[in-house]
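In what follows, a structure is listed as structure tokens, so that the remarks can point back to it.
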Amino acid sequence: ETGVTQTPRHLVMGMTNKKSLKCEQHLGHNAMYWYKQSAKKPLELMFVYNFKEQTENNSVPSRFSPECPNSSHLFLHLHTLQPEDSALYLCASSQGGPPYEQYFGPGTRLTVT
Amino acid sequence: DAKTTQPNSMESNEEEPVHLPCNHSTISGTDYIHWYRQLPSQGPEYVIHGLTSNVNNRMASLAIAEDRKSSTLILHRATLRDAAVYYCILQDNYGQNFVFGPGTRLSVLP
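So, in structure tokens, the structure goes:
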């Protein structure tokens with residue numbers, strides 16, 4: 518138990534659906550992250566929020582829309598996804614300053630049909 | 002692209018020490034060296050980090066070369082539960098450019 522929870526743990530959605538992934542951290546951290554892990558590929562950093570402000574967006578397609586209403590919660594809104602978006606989506610949190618030691622949630626396994 | 006290079010895989014016997022190497026020849030003066038590991042079907046787990054000096058914690062030790070261009074993660078007594086992918090990552094002072102490479106897949110043999 519890392520103090521970072523993600524829901525749902527598994528999600529199957531069609532290409533025309535809209536769904537959201539939720540992440541919550543109970544560690545008092547100020548920075549939150551979304552990562553994508555596709556099969557047999559390294560983790561890819563998608564978005565970073567620090568003190569609720571988006572500080573990094575690594576050329577992620579607009580069909581992925583993050584939202585950070587406060588320092589404890591992070592959402593990833595999904596719409597019109599493609600089958601190649603099927604992956605494990607991981608959330609992490611850290612303090613808002615160096616050394617940015619990150620604590621990861623268990624991930625949401627997303628399948629797009 | 003990841004700024005570190007690691008062997009793709011390593012093997013160890015149970016209860017023996019394991020030394021996992023990492024090269025980071027382009028490290029800048031303010032980059033932290035982080036190590037994470039990912040057990041099967043789990044999210045990555047923080048292991049240890051350092052800046053210039055060697056570091057020890059309950060999980061592992063981190064030995065950093067004097068020129069900081071390489072480091073070694075040391076597991077003092079490998080157990081079967083240490084079988085995982087180990088990632089060596091550089092992070093700048095602003096928390097950006099945190100790039101995971103493919104890591105080293107450690108197998109522990111009973």
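Quick mapping for you: the protein sequence lines, in order, are chains R and F.
In terms of the numbering used here, the first sequence opens at residue 518 and continues consecutively.
In terms of the numbering used here, the second sequence opens at residue 2 and continues consecutively.
We put the CB at the ideal spot given by N, CA and C, even for glycine.
Bear in mind the structure is a predicted one, so any value in this text is a computation, not a measurement.
When C-beta atoms of the segment 82 to 89 of chain F are compared with those of the segment 535 to 546 of chain R, fewer than three pairs fall below 8 Å, so the two segments do not count as touching. Contact between N567(R) and A548(R) holds: their C-beta atoms lie close to 5 Å from each other, under 8 Å. For a Cβ distance threshold of 7 Å, nothing in chain F lies close to Y606(R): the least Cβ distance comes to about 10 Å. In chain order, G44 make up the part of chain F whose C-beta sits under 8 Å from the C-beta of G622(R). Exposed is the label assigned to D68(F), since fewer than 16 other Cβ atoms lie within 10 Å of its Cβ. For L560(R), the nearest CB of chain F lies under 7 Å from its own CB, placing it at the interface with that chain. Around the C-beta of K4(F), 16 or more other C-beta atoms lie within 10 Å, and the residue is accordingly described as buried. The residue from G96(F), Q39(F), G102(F) with its alpha-carbon nearest to that of T31(F) is G96(F). Taking the Cα of Q39(F) as reference, the smallest distance to any Cα among P525(R), L607(R), G614(R) is reached at L607(R).
Interface annotation, P578(R): not in contact with chain F, CB-CB separation never under 7 Å. Flagged as an interface residue toward chain R: H50(F), by a C-beta distance shorter than 7 Å.
For V86(F), the uninterrupted beta strand (DSSP E) segment begins and ends at 85 to 92. Contact between S72(F) and L63(F) holds, since their C-beta atoms are separated by about 6 Å, short of 8 Å. Cβ-Cβ distances below 6 Å link P22(F) to T73 in the same chain, with the five nearest sequence neighbours on each side left out; the list follows chain order. Per DSSP, reduced to three states, the secondary structure at L544(R) is coil, with no helix or strand assignment.
At a cut-off of 7 Å between beta carbons, P41(F) makes no contact with chain R.
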